[in-house]
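Sequence positions in the sequence shown follow this note's numbering and run 129 to 511.
Ideal placement from N, C-alpha and C gives every residue a C-beta, glycine not left out.
Working notes, structure below.
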Amino acid sequence: METSSQIHHHPQIKYNNHPLSPPLRGGDVDKNTTIIATNTPNKTYMLLLVFNYMFLFLGSVSSSLLSKFYFNHNGSSRWVSTWVQCAGFPLLILPIFLPFHLFKSTQRKPFSHLSQNLFLYSLLIGLLLGLNNLLFSWGNSYLPVSTSSLLLSSQLTFNLIFSVIIVKQRITFSNLNCVVLLSLASVLLGLGLGSSHDDEPNDQAREKYFIGYFCTIGAGLLFALYLPLMEIIYKQVYCYSMVMEMQLIMEASATVLATAGMAVNGGFSEMRRESELGFDLGHKYYWLTVMGNVVTWQLCFMGTAGMVFLTSGLTGAICMTALTGANVVGGVVVYGDRFDGGKAVSAALCGWGFCSYVYGLYVKSRQGESDRRSEMSTEVVVA
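Below, the structure is given as structure tokens:
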């Protein structure tokens with residue numbers, strides 16, 4: 129029988145103790161590897177999970193409200209609105225370089241283990257993200273915050289479909305129930321609210337309302353595709369720092385696309401004109417609004433990437449859908465968006481679908497509790 133010190137140096141043992149890593153995935157170990165689980169990495173993992181969801185919460189709610197604030201005060205450039213969603217990528221330098229250079233909490237040099245394939249994947253997905261940002265900007269310019277937030281909840285439906293196809297997600301009753309309820313909520317908004325001119329921002333015509341409707345649905349579809357794609361790619365990633373490195377490359381790629389669009393369509397001239405003459409709150413508040421959007425969008429995408437890495441694409445989508453209520457309430461409280469019967473029913477359907485899915489996860493976790501306990505217990509290696 130080996131002693132504890134001998135076990136500690138056993139070449140076939142992996143310790144799940146990386147300070148910025150989730151619990152070891154199935155692909156990280158082989159049948160000859162003994163996993164020794166401790167409480168410390170689990171606490172670190174949960175702390176990282178909480179921080180990322182907090183980033184997602186603050187970024188999602190704040191960015192939606194600030195984007196609407198921009199359009200409500202005579203900001204009119206959809207390219208500017210698209211550009212601010214990704215232009216804050218230099219902020220990601222902080223979580224990438226500070227742990228190594230300042231806190232000395234890791235010996236891994238930034239970008240030292242990023243392969244050419246991961247770099248290429250990040251570039252391509254960044255372009256997809258840039259297109260998603262443009263569709264979101266178009267939709268948000270035509271729709272109230274509460275309406276666009278509820279429509280974006282449809283991304284959970286698309287995410288489940290893509291997860292089944294791409295990552296072989298298992299379909300359960302709670303999955304299907306959630307899909308049906310959220311689909312009904314989106315259809316109700318599109319057909320019911322589209323006939324109400326009082327709920328349209330800036331007196332837009334009905335056809336422009338539907339342009340916003342379908343652009344928002346399209347943004348939800350592309351973002352739903354983004355999540356399972358990232359889940360597949362993150363199987364090649366072993367630490368949170370690498371996730372942030374890939375996120376920086378994606379956001380830089382999306383910024384290149386948005387910058388090219390602004391250059392071709394006169395977006396930079398629009399930005400200068402808006403800051404000097406167009407924005408009704410003046411030059412100072414215009415740039416505060418732009419910078420606020422830049423920061424909050426980075427928080428949103430940073431939190432999303434972290435949630436996908438730490439959990440899964442579908443769980444990340446569920447967590448985003450859980451914020452629908454906060455976005456709706458924010459639109460009603462801050463901007464006075466109408467909250468009529470149709471919106472109330474849609475919000476209730478979204479909540480019902482989300483709760484049913486969470487309950488399904490709870491039942492599944494209870495059934496597998498004994499298995500997880502046995503997997504997390506310490507195995508003694510017999511010499």
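Residue i to residue j span [Cα, whole Å]
| i | j | result |
| --- | --- | --- |
| Trp-211 | Asn-268 | 14 Å |
| Ser-265 | Val-189 | 15 Å |
| Arg-494 | Cys-483 | 16 Å |
| Val-528 | Phe-407 | Residue coverage of the chain in this structure runs from 129 to 511, which leaves residue 528 outside it and unanswerable. |
| Val-491 | Phe-301 | 12 Å |
| Ala-472 | Cys-478 | 10 Å |
| Thr-452 | Pro-356 | 20 Å |
| Leu-385 | Ala-215 | 11 Å |
| Met-448 | Val-307 | 15 Å |
| Gly-340 | His-229 | 45 Å |
| Phe-437 | Met-374 | 12 Å |
| Leu-284 | Leu-310 | 8 Å |
| Ala-475 | Leu-193 | 18 Å |
| Thr-344 | Asn-202 | 21 Å |
| Gly-394 | Ser-281 | 32 Å |
| Asp-85 | Gly-481 | The chain is shown only over 129 to 511; residue 85 falls outside these bounds and no answer can be derived. |
| Asp-327 | Tyr-337 | Note that Asp-327 scores 48 on pLDDT, short of 50, meaning its location in the model is unreliable and no value can be drawn from it. |
| Pro-238 | Lys-363 | 19 Å |
| Arg-298 | Leu-409 | 51 Å |
Cutoff 7 Å; reference residue i; Cβ partners in own chain excluding five residues on either side
| i | result |
| --- | --- |
| Phe-197 | Thr-417 |
| Phe-396 | Met-390 |
| Ser-440 | Glu-359 |
| Gly-346 | Leu-263 |
| Ala-352 | Gln-283, Phe-286, Asn-287, Phe-290, Ala-445 |
| Leu-252 | none |
Residue of the options minimising C-alpha distance to residue i
| i | options | result |
| --- | --- | --- |
| Leu-376 | Leu-193, Phe-225, Val-460, Phe-286 | Phe-225 |
| Ala-388 | Asn-180, Leu-255, Thr-172 | Leu-255 |
| Gly-434 | Leu-177, Asn-170, Lys-171 | Leu-177 |
| Asn-200 | Asp-468, Trp-480, Gly-459 | Gly-459 |
| Trp-425 | Thr-383, His-411, Gly-346, Val-461 | Thr-383 |
| Val-208 | Asp-465, Val-462, Asn-261, Ala-352 | Asn-261 |
| Met-372 | Asn-180, Lys-336, Glu-335 | Asn-180 |
| Val-457 | Ser-369, Ser-204, Ser-277, Val-365 | Ser-277 |
| Ser-204 | Tyr-487, Tyr-368, Leu-175, Met-399 | Met-399 |
| Leu-350 | Leu-257, Asn-170, Gly-488, Leu-175 | Leu-257 |
Other residues of its chain near residue i: CB distance less than 8 Å, five sequence neighbours each side excluded
| i | result |
| --- | --- |
| Arg-401 | none |
| His-411 | Ser-403, Glu-404 |
| Tyr-485 | Ser-302, Asn-303, Asn-305, Cys-306, Ile-446 |
Residues near residue i by beta carbon distance below 6 Å, same chain, minus five either side
| i | result |
| --- | --- |
| Leu-271 | Gly-340 |
request  = Determine, using beta-carbon pairs with one atom in the segment 231 to 247 and one in the segment 412 to 428, whether at least three such pairs fall under 8 Å.
outcome  = no
task = Take every Cβ of the segment 176 to 186, pair it with every Cβ of the segment 429 to 447, and state whether three or more of those distances are shorter than 8 Å.
result = yes
query = Taking one C-beta from the segment 212 to 224 and one from the segment 424 to 434 each time, how about it: are there three or more such pairs within less than 8 Å?
reply = yes
query = Counting pairs of beta carbons, one from the segment 275 to 288 and one from the segment 364 to 382, are three or more of them closer than 8 Å?
reply = Touching, no, given that fewer than three Cβ pairs across the two stretches are closer than 8 Å.
query = Which residue spans inside the segment 211 to 258 form an unbroken alpha helix (DSSP H) run of at least 4?
reply = 221 to 229
message = Please give me, in chain order, every unbroken run of the alpha helix (DSSP H) with length at least 4 that falls completely inside the segment 390 to 449.
response = Counting only unbroken stretches of 4 or more residues, the alpha helix (DSSP H) elements lying wholly within the segment 390 to 449 are 395 to 401, 411 to 438, 441 to 449, in sequence order.
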